[in-house]
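For any residue, its number in my numbering is found by taking its place in the sequence shown, counting from 1, and adding 3.
Glycine included, every Cβ here is placed at the ideal spot set by N, Cα and C.
None of these values were measured; they are calculated from a predicted model.
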Amino acid sequence: MPETIQDNVVVALAYTLKLENGEIVDEASSEDPLEYLHGANTIIPGLERALTGMRVGERKQVQVAPADGYGDYDPEDVEVVPRHQFPSDAPLEVGMAITLADDNDNYIDAVISALTPESVTLDYNHPLAGKTLFFDVQVLDIREATPEEIEAGHVHGAFFDFADFDEEDFDDEDFEDEDFEDEDFDDEEEDLDALRKN
């Protein structure tokens, strides 16, 4: 078993993520930790760098600037689309995170930032863009990654396997028309999103 976090090891991590105002926006407990492949660029770079060299049981507080997290907020990365692009009975509301798909199955995440009877304003910035992130992390376990995990770029088996999850594992409300689809994921998916590199 490797003694420290380094490339090509699988890490089990408990963490709490807060914003500058102290608001907790994400967390993973020791009973249900985040597991990831270190060096595969699947978590934000500022946190991954800070974790390098840590040992099992070690705890650290990490501050991540926007440039090393989700980038700066881009006010131009916002779009107003006609309300009729969505089904009339779609349960749209401000603050809702949705995934949109066009006819070519190109997907993009957005948050509804404004609604009128005629339009929907979509914000394509990551919800944590422009935010300084404050992590309290604890390393729970470290193991060597398998060759298959290294090739795939994510974890299999002992800790956590993204392939174990499919649409049936989530509380979804799906709707679509010729232009868009919406998929609403539950809190479990949102918790993991906060650490994933987008």
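- Measuring C-alpha to C-alpha distances from A43 to each of P36, T55, D35 identifies T55 as the nearest.
- Selection M4, P90, Y73 evaluated against I46 yields Y73 as nearest (Cα-Cα).
- The stretch 21-108 is shown to contain whole alpha helix (DSSP H) runs of 4 or more residues at 48-54, in chain order.
- In this chain, E147 is not harboured by any alpha helix (DSSP H); it is covered by the beta strand (DSSP E) spanning 136-147.
- In this structure, the straight-line span from the alpha carbon of D108 to that of R146 is close to 37 Å.
- In this chain, the alpha helix (DSSP H) harbouring I153 covers 150-155.
- Taking a contact to require three or more Cβ pairs closer than 8 Å, the stretch 57-66 and the stretch 78-94 do not qualify as touching.
- Here Y18 has A31, F138, V140 as same chain residues with Cβ atoms under 6 Å from its own Cβ, once five neighbours each way along the sequence are excluded.
- Under DSSP, L118 forms a beta bridge with V123.
- Taking 8 Å as the cut-off, the beta carbon of I115 is found closer than this to the beta carbon of L95.
- Looking at the backbone, the Cα of G98 and that of G156 are separated by about 32 Å.
- In the DSSP assignment, L16 forms a beta bridge with L37, V142.
- Residue environment: N24 is assigned as exposed (fewer than 16 neighbouring CB atoms within 10 Å of its CB, all protein chains considered).
- Per DSSP, reduced to three states, the secondary structure at A113 is strand.
- With a threshold of 16 other beta carbon atoms within 10 Å, D29 meets it and is buried.
- Judged by beta-carbon spacing, A117 lies beyond the 8 Å limit of Y76, meaning their Cβ atoms are not closer than that value.
- In this structure, P36 is the residue among P36, K21, E6, L20 with its C-alpha nearest to the C-alpha of V158.
- If you check the CB distance, E38 and A53 do not come in under 8 Å.
- Scanning P48, V142, L103 for the CA closest to the CA of V123 turns up L103.
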